[in-house]
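Using my numbering, you'd call the opening residue of the sequence shown number 1260 and step up by one each time.
Glycine is no exception: its CB is placed at the ideal position from the N, C-alpha and C atoms.
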Amino acid sequence: MKIIAYGIRDDEMPYLKEWSKEKGIEVKAVAALLDDSTVDQAKGYDGAVVYQQKPYTASVLDKLASFGIKSLSLRNVGVDNVDADAIKRNDIKVTNVPAYSPSAIAELAVTQLMRLLRQTNTFDRKIAHGDLRWAPTIAKELDQMTVGVIATGRIGRKVINICRGFGAKIIGYDVYHNPELEKDGIYVDTLDELYAKADVITVHSPATKENEHMLNDAAFGKMKDGVFIINAARGVLVDTDALIRALDSGKVAGAALDVYEDEVGIFNTDFGSFDAIPDERLKNLIKRENVLVTPHVAFYTETAVKNMVQYALNSNVNLIEKGSDDSQVKF
Ligand code: COI
1260 MKIIAYGIRD DEMPYLKEWS KEKGIEVKAV AALLDDSTVD QAKGYDGAVV YQQKPYTASV
1320 LDKLASFGIK SLSLRNVGVD NVDADAIKRN DIKVTNVPAY SPSAIAELAV TQLMRLLRQT
1380 NTFDRKIAHG DLRWAPTIAK ELDQMTVGVI ATGRIGRKVI NICRGFGAKI IGYDVYHNPE
1440 LEKDGIYVDT LDELYAKADV ITVHSPATKE NEHMLNDAAF GKMKDGVFII NAARGVLVDT
1500 DALIRALDSG KVAGAALDVY EDEVGIFNTD FGSFDAIPDE RLKNLIKREN VLVTPHVAFY
1560 TETAVKNMVQ YALNSNVNLI EKGSDDSQVK F
């Protein structure tokens, strides 16, 4: 058996080599992403392991299938960039890694929330100018706040546990109710109820056609004045223009964004200077003291990266050998 792995970064290599040695399975590591210019390298392999934020297009998927590659394993959770029609048409089996490390995402979400509440960004900027005064940079305590968690899957539940440790009151919204959380009575019936009650709103849903721009002008209008918004899930969940309006009006007191709707081609790129970042809207957000932008790094921990590589390779082997895997994605 031979597997090709696309988009392999240097930090993934040791985990890939360790797996390959342990399993005795040949894995060809390719630094380039899977696209029309690189897909031919997959000829002769039994399966492909991939990670990229740019689209897996129909033409690339058709080509893979024409080489007999019907086993595609993503090293991440989100599958929103995969052409579903081409997957179905070619009968390609796809796996993702649904739980490489829920803690990785949850810990960054809460870290940034705490930074917003304690205004560390403002203190950093004041101190850089020699201003070591306290006022007017007074903080809020999470202990006194209600955190509204949208989507209570693995990541949402980690966030809930961490916030509970800080003494926060938790409310949650999800179509699927987790039995334990249901017992605790955390669920509200509607998003509107969550918007009306939460001091902090943190989203942990996958992106679907239905929830694109769920946090829009109408949603912000229903929230408490001075709400804090955390998005470490998918950029498209937040209508960026509406968020900017809500920040300008003071409706939103602060936002932590690890994702951004136009991030592809921008995040994980070195532009050399702040001015050279080719996105004025993003720069508008970054310049604000009460907005914390990180370039989609919530996942980027040693634990998560190891799991992403090795779980994806395990799944790919299952697809090749058995034609199925527990992490198979339905399109
Ligand atoms: C995902 O797993 O879908 C992520 O968002 C993390 C990705 C940047 C590797």
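### Task
May I have the straight-line CA-CA distance separating Q1378 from V1511, to the nearest angstrom?
Numbered from its first residue, the sequence shown carries residue 1378 at position 119. Numbered from its first residue, the sequence shown carries residue 1511 at position 252. If you take the alpha carbons of Q1378 and V1511, they lie about 14 Å apart.
### Query
Just reading off the beta strand (DSSP E) that T1553 is part of, what are its end residues?
As a working note, residue 1553 is residue 294 in the sequence shown. No beta strand (DSSP E) holds T1553; DSSP gives it neither H nor E.
### Query
Between the region 1291-1298 and the region 1359-1377, are three or more C-beta pairs nearer than 8 Å?
no
### Query
DSSP three-state call for V1576: helix, strand or coil?
What you label residue 1576 is simply residue 317 of the sequence shown in a count that begins at 1. Here V1576 sits in helix by DSSP.
### Query
CB-CB under 8 Å to V1353, same chain, minus the five flanking residues each way: which ones, in chain order?
Sequence index remark: in the sequence shown, residue 1353 carries index 94 (1-based). Contacts found: L1331, S1332, L1333, V1338, V1341, I1346, Q1587, V1588 and F1590.
#### Entry: Minimum C-alpha distance to D1443 - residue among E1285, D1584 and G1431
For the purposes of this step, residue 1443 is taken as the residue at position 184 of the sequence shown. Comparing Cα positions, the closest option is G1431.
### Query
Ends of the alpha helix (DSSP H) at N1380?
For the purposes of this step, residue 1380 is taken as residue 121 along the sequence shown, with counting starting at 1. Note, N1380: alpha helix (DSSP H), T1379 to A1387.
### Message
According to DSSP, S1332 sits in a beta bridge with which residue or residues?
### Response
For the purposes of this step, residue 1332 is taken as the residue at position 73 of the sequence shown. According to DSSP, which records beta bridges pairwise, S1332 is partnered with V1308 and T1354.
### Query
Secondary structure at F1487, three-state DSSP: helix, strand or coil?
Start at 1 with the first residue of the sequence shown, and residue 1487 comes out as number 228. The answer is strand: DSSP assigns F1487 an E or B state.
#### Entry: Rounded straight-line distance, which links the Cα of Q1312 to that of D1521
As a first step, residue 1521 must be located in the sequence shown, where it is residue number 262. As a first step, residue 1312 must be located in the sequence shown, where it is residue number 53. Cα to Cα, D1521 sits roughly 11 Å from Q1312.
### Task
Confirm, please, whether the CB-CB distance from T1405 to A1427 is below 8 Å.
In the sequence shown, the residue the question calls residue 1427 occupies position 168. In the sequence shown, the residue the question calls residue 1405 occupies position 146. Yes.
### K1322 versus I1263 - alpha carbon distance
The count along the sequence shown starts at 1 and reaches residue 1322 at position 63. The count along the sequence shown starts at 1 and reaches residue 1263 at position 4. Distance between the alpha carbons of K1322 and I1263: 15 Å.
#### Entry: Alpha-carbon spacing of V1495 relative to D1458, whole angstroms
Position 236 of the sequence shown holds residue 1495. Position 199 of the sequence shown holds residue 1458. About 22 Å.
### Message
Looking only at its chain, what residues have a beta carbon closer than 8 Å to the beta carbon of A1455, apart from the 5 residues adjacent to it on each side?
### Response
Taking the first residue of the sequence shown as position 1, residue 1455 is located at position 196. Once the five neighbours on either side are set aside, the close Cβ partners of A1455 are K1481, M1482 and K1483.
### Query
Taking the alpha carbon of M1373 as the point to measure from, which residue in L1578, H1436, D1585 and I1488 has its own alpha carbon closest?
Here residue 1373 corresponds to residue number 114 of the sequence shown, with the count starting at 1. M1373 has its Cα closest to that of I1488, out of L1578, H1436, D1585 and I1488.
### Task
Could you tell me whether the region 1464-1483 touches the region 1504-1519, using the rule of 3 or more Cβ pairs below 8 Å?
yes
### Closer than 7 Å: N1437 CB and nearest the ligand COI heavy atom
Here residue 1437 corresponds to residue number 178 of the sequence shown, with the count starting at 1. No, the ligand COI has no heavy atom inside 7 Å of this Cβ.
### Query
Going by beta carbon distance, what residues of the same chain come within less than 7 Å of F1591, once the five residues before and after it are set aside?
One cannot answer for residue 1591 here, as it falls past the ends of the chain, which runs 1260 to 1590.
### Task
Could you check if R1268 is buried or exposed, using at least 16 other CB atoms within 10 Å of its CB as the buried criterion?
Counting from 1 along the sequence shown, the entry for residue 1268 is found at position 9. Looking at its Cβ environment, which holds fewer than 16 other Cβ atoms inside 10 Å, R1268 is exposed.
### Task
Mind listing, in chain order, the continuous beta strand (DSSP E) runs of no fewer than 3 residues lying wholly within the region 1502-1583?
1511-1516 and 1550-1552
### Task
Measure the Cβ-Cβ separation of L1367 and T1553 and say whether it is below 8 Å.
The residue labelled residue 1367 in the question sits at position 108 within the sequence shown. The residue labelled residue 1553 in the question sits at position 294 within the sequence shown. The answer is yes: Cβ separation under 8 Å.
### Query
Just the Cα atoms here: how many angstroms apart are S1574 and T1411?
Looking up residue 1574 in the sequence shown gives position 315. Looking up residue 1411 in the sequence shown gives position 152. Approximately 25 Å between the Cα atoms of the pair.
### Message
Looking at the ligand COI, does it come within less than 7 Å of G1245, judged from the CB to the closest heavy atom?
### Response
What the structure shows of the chain is the stretch from 1260 to 1590, and residue 1245 is not part of that stretch, so it cannot be assessed.
### Task
Take I1409 as the anchor and find which of N1490, D1299 and S1318 has the nearest alpha-carbon.
Here residue 1409 refers to the residue found at position 150 when the sequence shown is read from its first residue. Nearest option by C-alpha distance: N1490.
### Query
In terms of residue numbering, what span does the alpha helix (DSSP H) encompassing E1285 cover?
Position 26 of the sequence shown, counting from 1, holds the residue named residue 1285. First-last for E1285: E1285 to A1288, but that is the beta strand (DSSP E), not the alpha helix (DSSP H).
### Task
Give the secondary structure of V1319 by DSSP, where H, G and I count as helix, E and B as strand, and everything else as coil.
The residue you call residue 1319 lines up with position 60 of the sequence shown. Here V1319 sits in helix by DSSP.
#### Entry: Where Y1446 falls: helix, strand or coil (DSSP)
Along the sequence shown, read from residue 1 onward, the residue named residue 1446 stands at position 187. Residue state, collapsed to three classes: strand.
### Query
Opposite K1428 in the DSSP bridges: which residues?
Within the sequence shown, residue 1428 is the residue found at index 169, counting from 1. The partner list for K1428 (beta bridge, DSSP) reads T1405.
### Message
For a test of your reading of the model: does the CB of Y1265 fall under 7 Å from any non-hydrogen atom of the ligand COI? Yes or no.
### Response
Reading the sequence shown from its first residue, position 6 is the one you call residue 1265. Not so, every heavy atom of the ligand COI lies at least 7 Å from the Cβ.
### Task
Could you spell out the range, first to last residue, of the alpha helix (DSSP H) harbouring K1481?
Working through the sequence shown from its first residue, we reach residue 1481 at position 222. Taken as a continuous stretch (DSSP letters only), the alpha helix (DSSP H) holding K1481 covers D1476 to K1481.
### Task
Could you tell me whether the Cβ atoms of L1541 and V1550 are closer together than 8 Å?
Here residue 1541 corresponds to residue number 282 of the sequence shown, with the count starting at 1. Here residue 1550 corresponds to residue number 291 of the sequence shown, with the count starting at 1. No, Cβ-Cβ distance for L1541 and V1550 is not below 8 Å.
### Query
Are the Cβ atoms of R1493 and A1466 separated by less than 8 Å?
The residue you call residue 1493 lines up with position 234 of the sequence shown. The residue you call residue 1466 lines up with position 207 of the sequence shown. Against a cut-off of 8 Å, the Cβ pair of A1466 and R1493 comes out as a contact.
### Message
When you measure from the CB of Y1519 to every non-hydrogen atom of the ligand COI, does any distance come out below 7 Å?
### Response
Numbered from its first residue, the sequence shown carries residue 1519 at position 260. Not so, every heavy atom of the ligand COI lies at least 7 Å from the Cβ.
### Task
Within 10 angstroms of the Cβ of R1416, are there 16 or more other Cβ atoms? Answer buried if so, exposed if not.
As a first step, residue 1416 must be located in the sequence shown, where it is residue number 157. It counts as buried.
### Task
Out of K1581, D1584, L1572 and S1583, point me to the one whose CA is closest to A1307's CA.
Working through the sequence shown from its first residue, we reach residue 1307 at position 48. Residue L1572 is the option with its Cα nearest to A1307.
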